[in-house]
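Some notes on the structure that comes next.
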Amino acid sequence: MAPLTVITLSGVLLTKLGIFTKRTNDTISRALARFLLPIYLFFNLVQTVNLNKLDVLWPNFVMPVIGVLLSFIPAVIEILLLKHPKNLRYSFICLIGFSNAGLSLLIADGNCNSYGPLSKKKECSEIGGYVAIQLMVWSLIIFTFGYALMNADLMEAEKCKPKEDPKDMKEVEDNDEMEENDPEKNSLEMAKTQSNLVQVKTSSFKRDMIRILTGPIPVFSLLGVLVGFIPGLNAVFYDSDAPLLPVAETGLVIGKAGIVIGQMILGSNLVLSARAKVSLSKPLIYSTILVRNIIIPAIALGTTYIFWVLKAFGDDVVMAFIFAINFAAPPSISVLVLSQIFNNGIQEVTMLILWTYVTGVFTLTIFSYLFFTVFL
């Protein structure tokens, strides 16, 4: 956890020095989404994905789905037990249920260093690929299923908006005074208007989904998997005498730099968001921290152990650790991105992410210690 903490604190320091600002963070975040993360995913997937290794790699494709399903169980229970704003119920489920899969690269990489408990594991060379596959699956789930859930919150928020004051409508009513008052006609017009609104919202949802699925991250992920699966094609990138080897090696460095910068931006955003004032009840904050940082990591440890006993990971403790960390990590920043897209619950989501990350430093340290105690 030490490297992750140092990187995060670097972002905090740069914010305190006035170098990282909200505008800077927004610009860098766009660079991450449009270039750095797609580059990371593409070159790591090309390097790792191979039809001949599918019997070894399959847990990286399947386990994230299991992780999301199991995380959503306590998330839904928490929503049912506590009173949440009606327009944020699904957003809170996503906040608790979706974790930050990108953290596993920095945490696993640190544990594979000479001072780390995984330093002697030969699978440490596969960290980038394992993380890329799982990050691809996590991202796909968040930006499809998560998008649909948080879109439902937006619909609820629109229902909760106060209706227009009759006084404000007086002038319109006066202008319509001369029109014939036909109840049947008015009813038909109202039904037609509601139908048009539904069609517009459905069309907008479909358009947004298409835009997300054709964005840089999904497209580069798909290309990376395809290139990796086509026999012999990845040799063009990674054979010792491959013509594109320098490009591929540089792409790996650029991609990893993107993960590091993203964590620094996270540290910066935690400082900036701490200045915002949000009225969330203490039981709501405490329960979110409890479920996300204690209950779900406990489920993650137990689930990983069960699949380890079943030999799903073989003898690859590095793969098991990456899955466990992805499962147990604090909330995904993508949930905040979606709340910004919908302009719904931004301050509430930001505040809860702040508290879960502050406490997550300690809970993830304990979680890592327990993992290595059990598995090594």
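Numbering (UniProt numbering), first residue to last: 1 to 376.
Built from N, CA and C at the ideal position, the CB exists for glycine as well.
{"Asked": "Span of the alpha helix (DSSP H), counted from its first residue to its last, around K22", "Found": "22 to 31"}
{"Asked": "Cut-off 8 angstroms between Cβ atoms - residues of its own chain near F98, not counting five sequence neighbours on either side", "Found": "V68, S71, W138, I141, I142, G146, P331, S332, S334, V335"}
{"Asked": "Close Cβ partners of L9 (< 8 angstroms) along its chain, the five nearest in sequence each way excluded", "Found": "G267"}
{"Asked": "8 angstroms Cβ shell around E78 - same chain, five flanking residues per side excluded", "Found": "F92, I96, S287, T288, V291"}
{"Asked": "Rounded straight-line distance, which links the Cα of T21 to that of I230", "Found": "44 angstroms"}
{"Asked": "Spatial distance of A242 from V236 (CA atoms)", "Found": "5 angstroms"}
{"Asked": "Cβ contact (3+ pairs, closer than 8 angstroms) linking the region 38 to 56 and the region 299 to 312", "Found": "no"}
{"Asked": "Buried/exposed call for A257, threshold 16 Cβ in 10 Å", "Found": "exposed"}
{"Asked": "Delimiting residues of the alpha helix (DSSP H) encompassing A132", "Found": "127 to 141"}
{"Asked": "Euclidean distance between Cα positions of N293 and L338", "Found": "21 angstroms"}
{"Asked": "Closest by C-alpha distance to V253, when choosing among G314, H84, K121, L36", "Found": "L36"}
{"Asked": "Start and end residues, alpha helix (DSSP H) containing D55", "Found": "54 to 81"}
{"Asked": "Buried or exposed (CB count within 10 angstroms, at least 16 for buried), S104", "Found": "buried"}
{"Asked": "Separation of F205 from L233, as counted between CA atoms", "Found": "37 angstroms"}
{"Asked": "Integer-rounded CB distance, given that A324 should sit under 8 angstroms from T304", "Found": "4 angstroms"}
{"Asked": "Member of R89, M63, A108, K53 whose CA lies at the smallest distance from the CA of T365", "Found": "A108"}
{"Asked": "Three-pair Cβ contact test at 8 angstroms for the region 56 to 65 versus the region 74 to 90", "Found": "no"}
{"Asked": "Helix, strand or coil at P117 according to DSSP, with G and I counted as helix", "Found": "coil"}
{"Asked": "D109: first and last residue of the uninterrupted alpha helix (DSSP H) it sits in", "Found": "103 to 111"}
{"Asked": "Coil, strand or helix - P331 by DSSP", "Found": "strand"}
{"Asked": "Reference N344; option with closest CA among I217, N100, L354, N151", "Found": "N151"}
{"Asked": "N- and C-terminal bounds of the alpha helix (DSSP H) containing A300", "Found": "296 to 309"}
{"Asked": "Contact check, I285 vs Q134, beta carbons under 8 angstroms", "Found": "no"}
{"Asked": "Short Cβ contact (8 angstroms threshold) for E126 with V260", "Found": "no"}
{"Asked": "Check whether A328 and I296 have beta carbons under 8 angstroms apart", "Found": "yes"}
{"Asked": "Cβ neighbours of F313 in the same chain (closer than 7 angstroms, five flanking residues each side left out)", "Found": "P59, F307, M319, A320"}
{"Asked": "Cβ separation of L45 and V225, assumed to be a contact under 8 angstroms, to the nearest whole Å", "Found": "6 angstroms"}
{"Asked": "Rounded separation between E123 and L280 - CA only", "Found": "44 angstroms"}
{"Asked": "Closest by C-alpha distance to H84, when choosing among L245, E348, L32", "Found": "E348"}
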